[in-house]
Amino acid sequence: MSDNVVYKIVSNATIAAIYFVVTYLSTPIAFGQIQIRIAEALILLCFFRRDYWIGLTLGCLLSNLTSPLGWPDIVFGTGATLISSLLVAYASPCLLIAVAYPVIANAFVVGAELYFILELPFWVNVAYVGAGELVAVSLGYAFFMIMKRRKGFLPALKAERHLDFKF
22 MSDNVVYKIV
32 SNATIAAIYF
42 VVTYLSTPIA
52 FGQIQIRIAE
62 ALILLCFFRR
72 DYWIGLTLGC
82 LLSNLTSPLG
92 WPDIVFGTGA
102 TLISSLLVAY
112 ASPCLLIAVA
122 YPVIANAFVV
132 GAELYFILEL
142 PFWVNVAYVG
152 AGELVAVSLG
162 YAFFMIMKRR
172 KGFLPALKAE
182 RHLDFKF
């Protein structure tokens with residue numbers, strides 16, 4: 022195995038582990054109609070390295086294995102993160118636009134999941150889940166905007182793209 026392949030495996034495993042631990046430590050606010058899954062801030066990593074969608078999706082899958090909603094959250098919640106991370110990785114011209122993808126995907130996918138499973142009002146679910154996702158991803162946005170000023174940050178990520186991002 023080449024060093025590059027080993028690096029990708031280790032970095033994605035690390036991202037998955039961080040996602041899982043952050044979600045586990047914030048379990049009371051990470052699930053349900055009103056949720057702020059802080060680990061979703063990591064989704065913006067895909068803006069810099071496309072292959073990080075793997076670690077984010079795996080971390081979300083592992084986290085959703087502990088969900089009180091069971092298999093629907095494993096399938097649909099993880100699916101929303103998969104869709105979001107791929108959109109951030111492949112369809113984001115700037116970091117600010119990248120913030121919108123996880124907010125929209127999670128609001129509608131998880132909102133529909135809560136509607137069908139818990140019979141909670143659909144548009145209320147969309148609003149609450151979207152607001153919580155916006156908080157989480159905005160934290161990630163602020164973090165990356167601060168960290169971009171540090172000369173070693175993007176090289177430490179082994180960023181492959183958007184090395185000169187503005188916002």
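Here the sequence shown is numbered in my numbering, starting from 22 and rising by one per residue. Glycine included, each C-beta is placed from N, C-alpha and C at the ideal position.
{"Query": "Just mark Lys-172 as buried or exposed, buried being the case when its beta carbon has 16 or more other beta carbons within 10 Å.", "Result": "exposed"}
{"Query": "Using a threshold of 7 Å, state whether the C-beta atoms of Leu-135 and Asn-127 are closer than that.", "Result": "no"}
{"Query": "Would you please verify whether the beta carbon of His-183 is less than 7 Å from any beta carbon of chain B?", "Result": "Judged by its chain identifiers, the structure shown contains no chain B, having just a single protein chain."}
{"Query": "For Gly-98 versus Val-131, is the C-beta distance shorter than 7 Å?", "Result": "yes"}
{"Query": "Kindly indicate which three-state DSSP category Met-3 falls into: helix, strand or coil?", "Result": "Missing from the structure shown is residue 3; the chain here goes from 22 to 188 and no further."}
{"Query": "Can you give me the C-alpha to C-alpha distance between Ser-113 and Ala-119, rounded to a whole angstrom?", "Result": "5 Å"}
{"Query": "Under a three-way DSSP split, which group does Pro-176 fall into?", "Result": "helix"}
{"Query": "Where do the ends of the alpha helix (DSSP H) carrying Cys-67 lie?", "Result": "Where Cys-67 is concerned, there is no enclosing alpha helix (DSSP H), given that its DSSP letter is neither H nor E."}
{"Query": "Check the C-beta distance from Val-109 over to Ile-39 and give it rounded, since I have them as a contact under 8 Å.", "Result": "That pair is no contact at about 17 Å."}
{"Query": "Give the DSSP-derived three-state secondary structure of Arg-58 in the structure shown.", "Result": "coil"}
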